[in-house]
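Before any comments, here is the structure.
There are 2 protein chains.
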Amino acid sequence: MKDIAPLSVYPVPGLPEIRPGDDLAALLARAVAERVGPLESGDVVVVAQKVVSKAEGARVALAEVTPSAFARDFAERWEKDPRLVELVLRESLRIVRMERGVMITETRHGFVCANSGVDLSNTGGSEEGSGARGEGGEIAVLLPEDPDQSAARLREGLGRGAGAGGKDVEVGVIVSDTFGRPWRVGLTQVALGVAGLAPLVDLRDTNDVDGRPLHATIIAMADQLACAADLVCGKTARVPAAVIRGYRPPEGDGQATGISGRELIRDPAMDLFR
Amino acid sequence: MKDIAPLSVYPVPGLPEIRPGDDLAALLARAVAERVGPLESGDVVVVAQKVVSKAEGARVALAEVTPSAFARDFAERWEKDPRLVELVLRESLRIVRMERGVMITETRHGFVCANSGVDLSNTGGSEEGSGARGEGGEIAVLLPEDPDQSAARLREGLGRGAGAGGKDVEVGVIVSDTFGRPWRVGLTQVALGVAGLAPLVDLRDTNDVDGRPLHATIIAMADQLACAADLVCGKTARVPAAVIRGYRPPEGDGQATGISGRELIRDPAMDLFR
Chain A
136 MKDIAPLSVY
146 PVPGLPEIRP
156 GDDLAALLAR
166 AVAERVGPLE
176 SGDVVVVAQK
186 VVSKAEGARV
196 ALAEVTPSAF
206 ARDFAERWEK
216 DPRLVELVLR
226 ESLRIVRMER
236 GVMITETRHG
246 FVCANSGVDL
256 SNTGGSEEGS
266 GARGEGGEIA
276 VLLPEDPDQS
286 AARLREGLGR
296 GAGAGGKDVE
306 VGVIVSDTFG
316 RPWRVGLTQV
326 ALGVAGLAPL
336 VDLRDTNDVD
346 GRPLHATIIA
356 MADQLACAAD
366 LVCGKTARVP
376 AAVIRGYRPP
386 EGDGQATGIS
396 GRELIRDPAM
406 DLFR
Chain B
136 MKDIAPLSVY
146 PVPGLPEIRP
156 GDDLAALLAR
166 AVAERVGPLE
176 SGDVVVVAQK
186 VVSKAEGARV
196 ALAEVTPSAF
206 ARDFAERWEK
216 DPRLVELVLR
226 ESLRIVRMER
236 GVMITETRHG
246 FVCANSGVDL
256 SNTGGSEEGS
266 GARGEGGEIA
276 VLLPEDPDQS
286 AARLREGLGR
296 GAGAGGKDVE
306 VGVIVSDTFG
316 RPWRVGLTQV
326 ALGVAGLAPL
336 VDLRDTNDVD
346 GRPLHATIIA
356 MADQLACAAD
366 LVCGKTARVP
376 AAVIRGYRPP
386 EGDGQATGIS
396 GRELIRDPAM
406 DLFR
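Chains as they are written, first to last, in the working numbering: chain A, 136 to 409; chain B, 136 to 409.
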């Protein structure tokens, strides 16, 4: 390798099954220290939404959900669990599409995604109660109430004493989830919550190499950071986080902008597809 | 750093301005050798569409474009160059949205993007002819004719003799571009063309850590690799490529699937948003 320092993405395995009330920042900090080593200021820690929601107790037992007639009707038509359909509706502001059994909704936060982000997989449901995987014991995990707040809390806990020699460091944190998108096959990661880094880079006022002004080129860096993290985080293995080292927002070439994941949500009035 | 080898992303700067007919693979191979070092089998080289198109001569002088009445009308209403609007229409199979001056089209390849991927920025237009930036001298760069073929050609040229000691290596190549998307602010990279790696990872037949089957979880790894590369490629600086080292498609956890970028295009019949 020559003179160029690469950007590096380290997987963070070794987290236990997360339960409501767990101190996720502390558990993550320990796993990072053990598996990656000391953090450095400027590192970006990308954490899967699922473990954040679990720690925050953003979960509902399906047995406690009473589906509406509307939910029962849709569920029956498409062979879905009516309680899950009901939860998806409850978590949504608006239904964007509801066809072929697919529910694409706008969540309370403004995210547009399948099933309002409500998820039955990897929920640790089988470890509740009797340990049996009965229908009645099933747990749905919801999106965090406020992913930016979640990221901010994790940031505080992750930076404290995490540097070499126990120094405090300033890290960025992204709470990420796996969303589908129109037009293209396959899911990619998106940044739900962001703290300690600018989610966007605005190249609008810069010139390209020919001196031509670049119009309307805003790059969703936080989403791209989340995608990079996913390259080392298997969906099925217990790798719920990654550390990205060496990312530097452009200087001079563009303007890092924004402070939250909320700013990655397109204003519905400006969205041709909502 | 502890025992975990990270995934690494190396920027590849140092490419000259690319002209039609240039041997892009050779130029890239030299830049990689000088700035990154020998390639290893399994490395993924992500190359910006713009330099690929330039080398392939996928460019049109605006002076040679005669806009239709339809193009002139739309251009006038939204203060656009009618010749550019005409080119966008020519490069498209279908218009997906045409509102507020924005043209979102389905290209001949099936990509859905703004302006059919036709681009005036960073085109090297000022270096044509007199060197003056006159309207008449402006050059539009189109998407490559067949991005998968472009990637396959680059792959052959990049792997040959590029390893340590001049050995041949098997690399993956992604030809990437910057696309917008509905619902979210900011552009991200997408893989237009893919060679030598599986663009998708299919987790549908695997179980999650609770033993619950994961349905319909197909990850667009090639797009995520392209996003990771963009973290080290400034849009305005001359960094048109990156080398990703240490990416391994999941084994056991899922099934790497597909061989081309074409497979990342959603079947229009299955797309609720086209």
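For each residue, glycine too, the CB sits at the ideal point set by N, CA and C. Nothing here was measured: the structure is a model prediction, and the numbers come from that model.
Nearest to Gly331(B) (by Cα), restricted to the options Gln284(B), Val325(B), Gly321(B): Relative to Gly331(B), the option among Gln284(B), Val325(B), Gly321(B) whose CA is nearest is Gln284(B).
As a quick exercise: from Arg397(A), Ala161(A), Glu175(A), pick the residue whose alpha carbon is nearest that of Asp303(A). Per the Cα distances, Glu175(A).
Which ranges does the beta strand (DSSP E) cover as unbroken runs of at least 3 residues, wholly within the segment 297-340 of chain A, from first to last along the chain? The segment 297-340 of chain A contains these whole beta strand (DSSP E) runs: 307-314, 323-330, 335-337.
Going by beta carbon distance, what residues of the same chain come within less than 8 Å of Gly264(B), once the five residues before and after it are set aside? Residue placement at Gly264(B) is flagged as unreliable, the pLDDT there being 40, under the threshold of 50; the coordinate-derived value follows with that caveat. If we look at Gly264(B) and ignore the five residues flanking it on each side, its Cβ neighbours are Gly272.
With 16 as the cutoff for other CB atoms within 10 Å, does Arg383(A) come out buried or exposed? It counts as exposed.
Mind checking the segment 142-160 of chain A against chain B and listing, in chain order, the residues whose C-beta falls within less than 7 Å of any C-beta there? Answer set for the segment 142-160 of chain A: Leu142, Ser143, Val144, Tyr145, Pro146.
Classify Leu277(B) as helix, strand or coil using the three-state DSSP reduction. In the three-state DSSP reduction, Leu277(B) falls in the coil class, being neither helix nor strand.
By the 7 Å beta-carbon criterion, what residues does the segment 302-320 of chain A contribute toward chain B? Of all residues in the segment 302-320 of chain A, only Arg316, Pro317, Trp318, Arg319, Val320 come within less than 7 Å of chain B when Cβ atoms are compared, listed by chain position.
When the cut-off is 9 Å and only beta carbons count, does Gly331(B) lie next to chain A? Under the 9 Å criterion on CB atoms, Gly331(B) is classed as non-interfacial with respect to chain A.
Exposure of Thr352(A), with buried meaning 16 or more beta-carbon neighbours within 10 Å: So Thr352(A) ends up on the buried side.
Report back the beta-carbon spacing between Arg194(A) and Leu277(A) to the nearest angstrom; my notes put them in contact at under 8 Å. For a cut-off of 8 Å, the C-beta gap from Arg194(A) to Leu277(A) is around 7 Å, short enough to register as a contact.
Any 3 or more C-beta pairs closer than 8 Å across the segment 195-205 of chain B and the segment 291-299 of chain B: The segment 195-205 of chain B, when compared against the segment 291-299 of chain B, does not touch it at the 8 Å Cβ threshold.
Does Gln184(B) have its Cβ less than 9 Å from a Cβ in chain A? For Gln184(B), the answer is no, since every Cβ of chain A falls outside 9 Å of its Cβ.
Report the start-end ranges of each beta strand (DSSP E) in the segment 172-214 of chain B that is 3 residues or longer and not cut off at the edges. As far as the segment 172-214 of chain B is concerned, its whole beta strand (DSSP E) runs of at least 3 residues are 179-183, 194-196.
Measuring alpha carbon to alpha carbon, tell me which residue in Pro141(A), Val167(A), Gln184(A), Arg316(A) is nearest Pro413(A). As displayed, chain A neither begins before 136 nor continues past 409, which places residue 413(A) out of reach and without an answer.
In three-state terms, what does DSSP make of Ser143(B)? In the structure shown, Ser143(B) sits in a strand (DSSP, three-state: E or B).
Measure the CB-CB distance between Val117(A) and Val378(A) and report whether it falls below 9 Å. Only positions 136 to 409 of chain A appear in this structure, which leaves residue 117(A) out of reach.
Return the chain-ordered list of same chain residues with a C-beta closer than 8 Å to the C-beta of Lys215(A), the five sequence neighbours on each side being excluded. Excluding residues up to 5 positions away in sequence, Phe209, Gly236 lie with their Cβ nearer than 8 Å to the Cβ of Lys215(A) in the same chain.
Would Ala376(A) and Val147(A) qualify as a contact pair, given that the criterion is a beta-carbon distance under 9 Å? Their beta carbons are under 9 Å apart, which means Ala376(A) touches Val147(A) by this criterion.
Rounded C-beta distance between Gly315(B) and Leu322(B)? I'm assuming under 8 Å. Contact between Gly315(B) and Leu322(B) is confirmed by a C-beta separation of about 5 Å, below the 8 Å threshold.
Spell out whether any CB of chain B is found under 9 Å from the CB atom of Gly269(A). Residue confidence for Gly269(A) is low, a pLDDT of 42 falling below 50, so the modelled location carries little weight and cannot support an answer.
Take Leu142(A) and list the residues in its own chain whose beta-carbon comes closer than 8 Å to its own, dropping the five residues that flank it on each side. Ala363, Ile379, Arg380, Gly381, Tyr382.
In chain order, what residues of the same chain have a beta carbon less than 6 Å from the beta carbon of Gln390(A), not counting five sequence neighbours either side? These residues qualify, in order along the chain: Asp337.
Please check the pair Asp312(B) and Gly252(B), which I expect to be a contact at CB under 8 Å, by giving their CB distance rounded to whole angstroms. Gly252(B) and Asp312(B) do touch by the CB rule: their CB atoms are close to 6 Å apart, below 8 Å.
Residues of chain B with CB under 7 Å from Leu399(A), in chain order? Ordered by position in chain B, the residues that pass the 7 Å Cβ test against Leu399(A) are Arg319, Val320, Gly321.
Skipping 5 residues on each side, what residues in its chain have a beta carbon closer than 8 Å to that of Leu222(A)? Excluding positions up to five away in sequence, the list reads Val195, Leu197, Val200, Ser251, Val253, Ala275, Leu277.
Interface positions of the segment 227-241 of chain B facing chain A (Cβ-Cβ less than 9 Å), listed along the chain: Here the close residues are Val231, Arg232, Glu234, Arg235, Val237, Ile239, Glu241.
Which same chain residues end up closer than 6 Å to Pro282(B) when comparing Cβ atoms and leaving out the 5 residues on each side of it in sequence? The beta carbon of Pro282(B) lies closer than 6 Å to those of Val310, Leu327, Gly328, Gly396 in the same chain, with the five residues before and after it left out.
Rounded to the nearest angstrom, what separates Gly393(B) and Met356(B) at their Cα positions? In this model, Gly393(B) and Met356(B) are separated by some 11 Å (Cα to Cα).
Less than 8 Å between the CB atoms is what I'm expecting for Val231(B) and Arg373(B), so what's the real figure, rounded? The pair is not a contact, with the Cβ atoms about 32 Å apart (cut-off 8 Å).
Using 10 angstroms around the beta-carbon of Ala190(A), count the other beta-carbons present and answer buried if the total reaches 16, otherwise exposed. Buried, because 16 or more other Cβ atoms sit within 10 Å of the Cβ of Ala190(A).
Pick helix, strand or coil for Ala355(A), following the three-state DSSP scheme. Reduced to three states, the DSSP call for Ala355(A) is coil.
Could you check what DSSP says for Leu219(B) in three-state terms: helix, strand or coil? It is helical.
Report the neighbours of Ile353(B) on chain A: residues whose CB is nearer than 7 Å to its CB, in chain order. The contacting residues are Val320, Gly321, Leu322.
Taking any Cβ of chain A, which residues in the segment 166-183 of chain B have a Cβ under 8 Å from it, in chain order? Flagged, chain order: Glu169, Arg170, Val171, Gly172.
Just the Cα atoms here: how many angstroms apart are Val247(B) and Ile354(B)? Near 19 Å, if we compare the C-alpha coordinates of Ile354(B) and Val247(B).
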